[in-house]
Amino acid sequence: MESASIIARMINRRLTPRLIHLLDRSPAVALLGPRQVGKTTLALEIGEARPSLYLDLESDADRARLSEPELYLAAHADELVILDEVHRMPGIFQILRGLIDRGRRIGLKTGRFLLLGSASMDLLHQSGESLAGRIAYLELTPIDILEAGSDQAARLWVRGGFPESLLADTDADSLRWRLDFIRTYLERDIPQFGTRIAAEALRRLWTMLAHHQSGLLNAADFARSLGVDGKTVASYLDLLVDLLLVRRLPPWHTNVGKRLVKSPKIYVRDSGLVHALLGLRDQEAILGHPIAGASWEGFVLETLIGAAPPGTEPSFYRTSAGAEIDLLLALPNGRVWAIEIKRSLSPKVEKGFHLACEDLRPERKIIVYPGTERFPLSHGVEAADLTTTAQALSTS
Numbered sequence: 001m002e003s004a005s006i007i008a009r010m011i012n013r014r015l016t017p018r019l020i021h022l023l024d025r026s027p028a029v030a031l032l033g034p035r036q037v038g039k040t041t042l043a044l045e046i047g048e049a050r051p052s053l054y055l056d057l058e059s060d061a062d063r064a065r066l067s068e069p070e071l072y073l074a075a076h077a078d079e080l081v082i083l084d085e086v087h088r089m090p091g092i093f094q095i096l097r098g099l100i101d102r103g104r105r106i107g108l109k110t111g112r113f114l115l116l117g118s119a120s121m122d123l124l125h126q127s128g129e130s131l132a133g134r135i136a137y138l139e140l141t142p143i144d145i146l147e148a149g150s151d152q153a154a155r156l157w158v159r160g161g162f163p164e165s166l167l168a169d170t171d172a173d174s175l176r177w178r179l180d181f182i183r184t185y186l187e188r189d190i191p192q193f194g195t196r197i198a199a200e201a202l203r204r205l206w207t208m209l210a211h212h213q214s215g216l217l218n219a220a221d222f223a224r225s226l227g228v229d230g231k232t233v234a235s236y237l238d239l240l241v242d243l244l245l246v247r248r249l250p251p252w253h254t255n256v257g258k259r260l261v262k263s264p265k266i267y268v269r270d271s272g273l274v275h276a277l278l279g280l281r282d283q284e285a286i287l288g289h290p291i292a293g294a295s296w297e298g299f300v301l302e303t304l305i306g307a308a309p310p311g312t313e314p315s316f317y318r319t320s321a322g323a324e325i326d327l328l329l330a331l332p333n334g335r336v337w338a339i340e341i342k343r344s345l346s347p348k349v350e351k352g353f354h355l356a357c358e359d360l361r362p363e364r365k366i367i368v369y370p371g372t373e374r375f376p377l378s379h380g381v382e383a384a385d386l387t388t389t390a391q392a393l394s395t396s
């Protein structure tokens, strides 16, 4: 039987054309995403189509090859150099800057370096200081419904989109992989970033966030539960956000003359990790748990944000008077889509959604539900399945 990693290579990642486009126009591209999301697989596929060199900076042998990085990399100036887990050598960015600038003077202007990182913080901070104007950024998210196919929607929701989890032989194997993934992050990966946080404290917060999926952030409540102060909770949460594992969805910020909720909503980004943190082994267990609706909301939200055009700004809308929209997508062309998310085969439009749409007047008003048909509802609202909505967003 083929391993999950081999099968994953057969899934066409939607990011591939954009990654190639940026490599053909920029000297360096940073491909960001959590561990095990498929960055290395995608990078090696790109490397097969052009002269390339792959270096894993977690490998002692590859790190030894870079004992004199400037000399070594200069000898491979005519190749795409792929540096995996580049945060392990933060000093490399200043060297890359010099190599890129020298290369430009002799006509080597694009496709020099592809940098892979498991977190946003180190790459965005370090490369932003050293490679300004020389680097483009992309985020690779877990496999989504447009890549796996609409017939995999239930499996994607239950297992999440990490390839090894999604493509495991059984639900039990998938859950075991996710539990190992969580433990490895807590015990090995996070300390590699130089962050001194007790693994058990971070696990407790991560689990609390899963229980609180789609809720408003109240750091004081988390602090009381953990027995720490609010600043500590904020630093833990910042870390999980920087590791691309948790999303803080901001409230709509445009002045509409209403009293708006100002706290962000919080989501564990991968639904499979939500279920693993809560010990939910399969769909039957999830449907019998109070988290089912919030988990579905997070799954839909991440899918649609990932499908939206680059530059789209996601938020939610809620007023003190009860007007509410689960997801607002402000597209780069100035259009706004209002998305309500329902875990029901007979979705109904709530009064709060109508009130919110009267305030904002979005171009499209959609209720995403787990069915397969698309049909109109009252007041210009339409009900649509997740795949249809994601496809419409991706081409808008």
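If you're matching positions, the sequence shown starts at 1 in our numbering and goes up one per residue. Positions of the beta carbon are idealized from the N, C-alpha and C atoms, including for glycine.
- Alpha-carbon to alpha-carbon, residue 19 and residue 346: 40 Å
- Entirely enclosed alpha helix (DSSP H) segments - the segment 212-252, minimum 4 residues: 219-226, 230-242
- Task: Provide the residue span of the beta strand (DSSP E) that contains residue 134, from first to last.
- Result: From DSSP, residue 134 is part of no beta strand (DSSP E); its letter is neither H nor E.
- Task: Take every Cβ of the segment 260-274, pair it with every Cβ of the segment 160-179, and state whether three or more of those distances are shorter than 8 Å.
- Result: yes
- Query: How big is the Cα-Cα spacing for residue 82 and residue 309?
  - Reply: 26 Å
- Message: Measuring only the C-alpha atoms, how far is residue 142 from residue 156?
- Response: 10 Å
- Query: Got a sec? Which residues, its chain only, sit under 6 Å from residue 374 by beta carbon, not counting five neighbours each side?
  - Reply: 384, 388
- Query: Which word fits residue 12, buried or exposed, when buried means at least 16 other C-beta atoms lie within 10 angstroms of its C-beta?
  - Reply: exposed
- Which class does residue 191 belong to by DSSP, given the choice of helix, strand or coil? helix
- Message: Ignoring anything shorter than 4 residues, give me the alpha helix (DSSP H) runs that lie fully in the segment 91-117, in order along the chain.
- Response: 92-105
- Taking the continuous beta strand (DSSP E) assigned at residue 39, which residues delimit it? Note, residue 39: premise wrong, no beta strand (DSSP E); alpha helix (DSSP H) at 39-48.
- Compare the beta carbon distance of residue 190 and residue 202 with 8 Å and say whether it is the shorter of the two. yes
- Tell me where the alpha helix (DSSP H) around residue 22 begins and ends. 16-23
- Task: Rounded to whole angstroms, what's the CA-CA distance from residue 17 to residue 318? Just pull it up for me.
- Result: 37 Å
- Item | Residues that DSSP places opposite residue 84 in a beta bridge | 56
- Taking the alpha carbon of residue 197 as the point to measure from, which residue in 160, 298, 232, 137 has its own alpha carbon closest? 232
- Message: With a threshold of 7 Å on Cβ separation, who are the neighbours of residue 57 within its own chain once the five nearest residues in sequence on each side are excluded?
- Response: 63, 83, 84, 85, 86, 88, 89
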